[in-house]
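These notes are about the structure you will find just below.
2 protein chains.
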Amino acid sequence: MLSRREEDAYRFIRDFIARHGHAPLLEEIALGLGIRSKGTVHRYVQAIARAGLIELVPGRHRGMRLRGQTPGGKATLPLLGRIAAGQPIAAIPDQEEIDLSEFFMGPNRFVLKVQGDSMIDAGILDGDMVVVEQRPRAGNGDIVVALLDNEEATLKYIRHNRDGSITLIPANAALRPITYAPERIRIQGVVVGQMRSYR
Amino acid sequence: MLSRREEDAYRFIRDFIARHGHAPLLEEIALGLGIRSKGTVHRYVQAIARAGLIELVPGRHRGMRLRGQTPGGKATLPLLGRIAAGQPIAAIPDQEEIDLSEFFMGPNRFVLKVQGDSMIDAGILDGDMVVVEQRPRAGNGDIVVALLDNEEATLKYIRHNRDGSITLIPANAALRPITYAPERIRIQGVVVGQMRSYR
DNA sequence: CTTGAAAGTTCTCATAAAGTTCTCTATCAT
DNA sequence: ATGATAGAGAACTTTATGAGAACTTTCAAG
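Keeping their order, the protein sequence lines are chains A and B. The first sequence begins at 12 in this note's numbering and counts up one residue at a time. The second sequence begins at 12 in this note's numbering and counts up one residue at a time.
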């Protein structure tokens, strides 16, 4: 359990490492927190290490390493900023941390692993995970998990037509949209998120 | 069996922790309940602790911790199975769960919001979040955050050439790979994950 | 390989801020 | 009446925060 300033120091260290690629000096932390005494900063760093959030190499300059934990065991990562071609990383002022559980969690949700390339032009690749919210209805343009004739499940864009029929539209130039009678389609859920892990 | 006001205080504490990530001060609770005496609040907090609803670290500022945490706070979603065009959802036996923190969390990681289309063919779209692991070196084919001339940050595939030069390769047919002298490039990190939220 | 500046470590001191313990008063239902 | 519930506030203790001196170790320049 860190105190307020200790937490400030921890966040500073974390962002500093992400931005610079190496840990800050005590004096740099002090500057960042508006403190003049590096002795005080040292005390904070020790507390953070004792809390298990960083690893220390005593004596060594910049001798801190992050550990893969966050305060409170919460699944949060620092949101450093935006990256765009042609500009350095622009800090996002309003939001400092992204909470993975808030990003994806919700009632009636589950995850599916995607196989195939039918949604590749929508940025959903083979092997990706999609977060699906179970829901019997969807809006036009939603990406849905649709069960066709109670046999085939597919991941497609959906469009409800005037005549009541339903068109499932793949995001892949090699595939064609197909229109079905509404009774042949059952919507199992709507895609609300997508994630991918590079190994 | 808390009294009415004790229950009020408990609810306030719970909400406060959910909102701020740390426990409130006695004075903050007092303010929230419209009480002026922190002595009174202290009595309530003690009662709540005696009832086993929170854990106290005596003396410590903000020294409260929730107990009996609802498991709803865990960042896991059920992994139902695979979805592929042409087949029903193939249930994965043993209702697996996917832990978002394990999926993305790790030391030295941070998140960037992507702007632009330079990696669109790699399934990284404008507005996506990428999880970056800070690391000064990358392997061929990794997607990296590269700082060019200490000025421009970009997201590209990387290739190390025989002669020591470095080629940054966009995943967008409209853009061309460019080769740079190694001293012009600094690798800020390697993309280890990507996520997107549909609203 | 030496050496000195820079960085980390260990203290002590001071003050502000927060928690703890009291006592006192008032209301209200039994 | 009596005990449970509410609240105020004073007095006191402990933490949290910060400054800075003195010292040791690291690191890089020569």
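Glycine residues also receive a C-beta, built at the ideal position from the N, C-alpha and C atoms. The model shown is predicted, which means the values in this text are computed figures rather than measured ones.
Within 9 Å, strictly: CB atoms of residue i and residue j
{"i": "L64 of chain B", "j": "L123 of chain A", "result": "no"}
{"i": "R170 of chain B", "j": "G152 of chain B", "result": "yes"}
{"i": "V156 of chain B", "j": "I94 of chain B", "result": "no"}
{"i": "Q126 of chain A", "j": "D110 of chain A", "result": "no"}
{"i": "H33 of chain B", "j": "R16 of chain A", "result": "no"}
{"i": "I13 of chain A", "j": "A62 of chain A", "result": "Note that residue 13 of chain A is Leu in the sequence shown, not Ile. Yes, the Cβ-Cβ distance between L13 of chain A and A62 of chain A is below 9 Å."}
{"i": "A182 of chain B", "j": "K167 of chain B", "result": "yes"}
{"i": "V142 of chain B", "j": "M206 of chain B", "result": "yes"}
{"i": "F114 of chain A", "j": "S208 of chain B", "result": "yes"}
{"i": "S176 of chain A", "j": "P193 of chain A", "result": "yes"}
{"i": "V52 of chain B", "j": "L67 of chain B", "result": "no"}
{"i": "I40 of chain A", "j": "A60 of chain A", "result": "no"}
{"i": "Y191 of chain A", "j": "L159 of chain A", "result": "yes"}
Chain A residues whose Cβ lies nearer than 7 Å to that of residue i
{"i": "S112 of chain B", "result": "A86 and L111"}
{"i": "I24 of chain B", "result": "Near I24 of chain B there are no residues of chain A at all, since even the closest Cβ is about 15 Å away, more than 7 Å."}
{"i": "L136 of chain B", "result": "G134"}
{"i": "H72 of chain B", "result": "S14"}
Nearest residue (CA-CA) to residue i, options the options
{"i": "V201 of chain A", "options": "A:D26, A:R16, A:P118 and A:P188", "result": "A:P118"}
{"i": "E108 of chain A", "options": "A:F114, A:R120 and A:L88", "result": "A:L88"}
{"i": "I24 of chain B", "options": "B:E163, B:L37, B:I177 and B:R54", "result": "B:L37"}
{"i": "P147 of chain A", "options": "A:R54, A:I196, A:G50 and A:A20", "result": "A:I196"}
{"i": "I154 of chain B", "options": "B:I46, B:G92 and B:T178", "result": "B:T178"}
{"i": "A149 of chain A", "options": "A:G43, A:G134, A:V203 and A:L44", "result": "A:V203"}
{"i": "L44 of chain A", "options": "A:D160, A:A133 and A:R22", "result": "A:R22"}
{"i": "G92 of chain B", "options": "A:G134, A:T165 and A:D160", "result": "A:T165"}
{"i": "R71 of chain A", "options": "A:D128, A:P35 and A:L158", "result": "A:P35"}
{"i": "M130 of chain B", "options": "A:S129, A:G134, A:A58 and A:R47", "result": "A:G134"}
{"i": "D132 of chain B", "options": "B:M140, B:R120, B:I180 and B:R210", "result": "B:I180"}
{"i": "D139 of chain A", "options": "A:R47, A:R210 and A:E18", "result": "A:R210"}
{"i": "L186 of chain A", "options": "A:K49, A:E163 and A:D128", "result": "A:D128"}
Proximal chain A residues relative to residue i, where beta-carbon distance stays under 9 Å
{"i": "L212 of chain B", "result": "The structure shown does not extend to residue 212 of chain B, since chain B is modelled only from 12 through 210, so no value can be given for it."}
{"i": "V68 of chain B", "result": "M12"}
{"i": "L57 of chain B", "result": "Before going further, note that residue 57 of chain B is Gln rather than Leu in the sequence given. Those do not exist, as Q57 of chain B stays about 19 Å from chain A at its closest Cβ, beyond 9 Å."}
Partner residues on chain A for residue i, Cβ-Cβ distance less than 8 Å
{"i": "L92 of chain B", "result": "For the record, residue 92 of chain B in the displayed sequence is Gly; it is not Leu. Simply L123 and K124."}
{"i": "V142 of chain B", "result": "L88"}
{"i": "F115 of chain B", "result": "A86, L88, L111, M206 and S208"}
Per-residue contacts from residue i into chain B (C-beta, under 9 Å)
{"i": "R78 of chain A", "result": "P118"}
Neighbour list for residue i in chain B, Cβ cutoff strictly below 7 Å
{"i": "G32 of chain A", "result": "Q145, P147 and Q199"}
{"i": "A20 of chain A", "result": "None at all; the shortest Cβ gap to chain B is about 15 Å."}
Chain B contact residues for residue i, given Cβ-Cβ distances below 8 Å
{"i": "I46 of chain A", "result": "Neighbours of I46 of chain A on chain B: none; closest Cβ ~18 Å, over 8 Å."}
{"i": "I40 of chain A", "result": "Neighbours of I40 of chain A on chain B: none; closest Cβ ~17 Å, over 8 Å."}
{"i": "A60 of chain A", "result": "Going along chain B, no residue has its Cβ under 8 Å from A60 of chain A, so there is no contact; the nearest lies around 14 Å."}
Give, in chain order, every residue of the region 188-208 of chain B whose Cβ lies closer than 7 Å to some Cβ of chain A. So the close ones are Q199, V202, V203, G204, Q205, M206, R207 and S208.
Could you say if the region 61-76 of chain B and the region 27-44 of chain B meet the contact criterion of at least three C-beta pairs nearer than 8 Å? Three or more beta-carbon pairs drawn from the region 61-76 of chain B and the region 27-44 of chain B are found closer than 8 Å, and the two stretches are therefore classed as touching.
For the region 159-189 of chain B, which residues have a CB atom closer than 7 Å to at least one CB atom of chain A, in sequence order? For the region 159-189 of chain B, which is checked against every Cβ of chain A, the residues closer than 7 Å are E162, E163, A164, T165 and L166.
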